[in-house]
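Numbering that gives the first Met the number 0 puts the sequence shown at residues 0 to 439. Everything below concerns the one structure shown next.
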Amino acid sequence: MKNSKVLVWSVVVALGGFLFGFDTAVISGAEKAIQLLWDLSPVEHGFTVSIALIGTVLGAMLGGIPTDRLGRKTTLFWIAVLYLVSSLGSAFATDWNIFLFFRFLGGLGVGASSVAAPMYISEISPAKSRGKMVGLFQFNVVFGILIAYFSNYFMQDMGDHAWRWMLGVQALPSLVFLLAILYVPESPRWLVIKKNKVQEAREILELIDANTSEETLSAIINAHEEASGSKQSRLFSARYKSPVTLAILFAVFNQVSGINAIIYYSPRIFEMTGLGTKAAFLSSAGIGFVNFAFTLLAINFIDKFGRRTLMFTGSVGVIITLALVARAFFIQDFTGVPVFLFVYIAFFAFSQGAVIWVFISEIFPNEVRASGQALGSFTHWFMAALIAFSFPIIAEYFGGGITFSFFALMMVLQLIFVWRFMPETKGTSLERTEKTMILH
């Protein structure tokens with residue numbers, strides 16, 4: 000029963016990940032119609048695609064504030080409101096500026112969700128299954144991407160307003176998330192650290208695991224007292240240098256892999272390789288399915304083999320596949336490109352995709368977890384916005400060969416990072432991880 004409660008709470012919170020993924024990928028089916036409808040220039044078009052990411056950057060940067068002050072649960076509720084308003088507003092937008100505003104609101108929800116949801120799940124999960132539980136968030140992200148691709152594929156023939164249906168259908172899962180989040184408890188760590196509600200935290204910890212509740216509660220209180228006695232309690236202090244550096248580098252590498260360029264512009268990339276429009280949409284749906292399948296595989300291995308093993312494996316795979324895609328563009332022979340991209344997605348999903356939100360949610364101490372998670376999320380989404388905005392311009396100016404070569408080179412640097420600097424966090428309590436990560 001104790002594990003089933005944690006699972007149910009994690010699944011509910013991970014619905015924020017589903018909406019995160021759906022909102023991220025759904026624009027790939029609508030972007031060309033929107034460009035034609037409002038006669039957008041290449042720069043305006045890039046801005047339209049990336050406006051949600053600009054909102055995501057702000058949502059991630061500021062998401063730690065309500066998560067700390069209002070609580071994880073209340074913040075997740077308002078995230079659900081943002082998703083609902085954004086989906087309906089984008090679908091009914093009558094001009095470009097209104098559309099930009101509502102897509103921006105959705106981006107705020109995505110950014111804040113990437114802070115609050117993984118953090119909440121990591122704080123309620125037992126150490127032995129934390130990777131799998133937090134992995135549910137990423138699983139739902141890619142499930143949302145998959146559903147968005149298939150939804151776009153089936154709605155593409157619905158006439159001039161097909162793009163409105165593509166964006167508006169997100170209102171249904173947004174409403175489900177809004178109602179379901181009312182039935183999950185608050186994070187016991189937030190209750191102790193921010194509100195000093197020890198008894199309320201104890202009751203929730205007993206629901207999670209009655210056998211370890213007192214031990215966990217004591218560890219939370221002791222870690223809080225130790226941090227409170229430190230003269231360096233700010234995130235950007237020598238005390239937290241190690242987790243801050245790891246979070247920033249991990250988030251940067253996640254995006255310079257080119258993943259969001261491929262997700263956002265997949266139909267366009269496939270058309271560049273000679274596929275027709277319908278085949279390009281179907282191939283994009285195939286990318287979503289591969290992403291989904293290998294994320295599912297990864298969350299079943301992450302607590303068994305560890306975070307570093309998955310990152311080693313994935314780094315090697317994405318280097319090889321990105322190099323093959325770059326070569327195809329250089330020699331103008333695109334015969335195997337769809338297969339290369341599918342294999343690339345598989346390796347990415349098995350490594351960075353599954354590990355990032357787990358790892359960042361684990362490495363920061365309780366005292367600064369919200370601001371640390373916000374820093375990692377902000378870095379991730381800042382890079383995502385930069386790449387989404389610049390990809391059409393860079394690919395047109397430099398060509399696909401140089402663009403994908405750059406992504407491959409960045410993944411070589413990531414492999415070195417994993418080998419030399421990335422610690423293993425599997426099977427360790429958050430408080431014990433805190434002791435190993437902090438520089439005394």
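For every residue, glycine included, the Cβ atom is placed at its ideal position computed from N, Cα and C. In this text, all values refer to a predicted model and were calculated from it rather than measured experimentally.
Is it buried or exposed, residue i, if we count other Cβ atoms within 10 angstroms and call 16 or more buried?
{"i": "Pro364", "result": "buried"}
{"i": "Tyr82", "result": "buried"}
{"i": "Asn253", "result": "buried"}
{"i": "Pro172", "result": "buried"}
{"i": "Thr93", "result": "exposed"}
{"i": "Leu35", "result": "exposed"}
{"i": "Gln198", "result": "exposed"}
{"i": "Gly122", "result": "Sequence check: residue 122 is Glu here, not Gly. Result: buried."}
{"i": "Trp418", "result": "exposed"}
{"i": "Thr181", "result": "Reading off the sequence, residue 181 comes out as Leu, not Thr. When all chains shown are included, Leu181 counts as exposed."}
{"i": "Val7", "result": "exposed"}
{"i": "Gly287", "result": "buried"}
{"i": "Pro391", "result": "buried"}
Our contact map puts residue i next to residue j with C-beta atoms below 8 Å; I'd like the distance itself, whole angstroms only.
{"i": "Ile192", "j": "Thr23", "result": "That pair is no contact at about 31 Å."}
{"i": "Lys127", "j": "Asp302", "result": "7 Å"}
{"i": "Ala297", "j": "Phe349", "result": "5 Å"}
{"i": "Met410", "j": "Ile344", "result": "Contact doesn't hold; Cβ gap of about 14 Å is too wide."}
{"i": "Phe176", "j": "Gly45", "result": "Actually they do not touch by this definition, with Cβ atoms about 30 Å apart."}
What residue range is occupied by the uninterrupted alpha helix (DSSP H) comprising residue i?
{"i": "Leu52", "result": "Pro41 to Leu61"}
{"i": "Pro242", "result": "Lys240 to Gln254"}
{"i": "His379", "result": "Arg368 to Phe397"}
{"i": "Phe346", "result": "Val336 to Phe347"}
{"i": "Thr211", "result": "Run containing Thr211: none; DSSP gives neither H nor E here."}
{"i": "Leu83", "result": "Arg71 to Ala90"}
{"i": "Val317", "result": "Arg306 to Ile330"}
{"i": "Glu202", "result": "Val197 to Ile207"}
{"i": "Tyr441", "result": "Because the chain is modelled from 0 through 439, residue 441 falls outside the range shown and cannot be assessed."}
{"i": "Tyr119", "result": "Trp95 to Ile123"}
{"i": "Ile362", "result": "Ala353 to Ile362"}
{"i": "Phe176", "result": "Ala170 to Ala179"}
{"i": "Trp164", "result": "Ala161 to Gly167"}
Is any heavy atom of the ligand ZN found at a distance shorter than 6 Å from the C-beta of residue i?
{"i": "Ala13", "result": "You won't find the ligand ZN in this model; it holds no ligand whatsoever."}
Consider the Cβ of residue i: report whether some Cβ of chain B lies at a distance smaller than 7 Å.
{"i": "Ser389", "result": "No chain B appears in this structure, which consists of one protein chain only."}
When the Cα atoms are used, what is the spatial distance from residue i to residue j?
{"i": "Met421", "j": "Leu309", "result": "12 Å"}
{"i": "Lys425", "j": "Thr320", "result": "28 Å"}
{"i": "Ile50", "j": "Ala32", "result": "16 Å"}
{"i": "Ile258", "j": "Phe17", "result": "17 Å"}
{"i": "Phe339", "j": "Phe403", "result": "12 Å"}
{"i": "Ser85", "j": "Leu104", "result": "6 Å"}
{"i": "Met60", "j": "Ser112", "result": "11 Å"}
{"i": "Ser217", "j": "Pro125", "result": "15 Å"}
{"i": "Val354", "j": "Ser314", "result": "12 Å"}
{"i": "Tyr119", "j": "Gly352", "result": "19 Å"}
{"i": "Thr47", "j": "Glu30", "result": "8 Å"}
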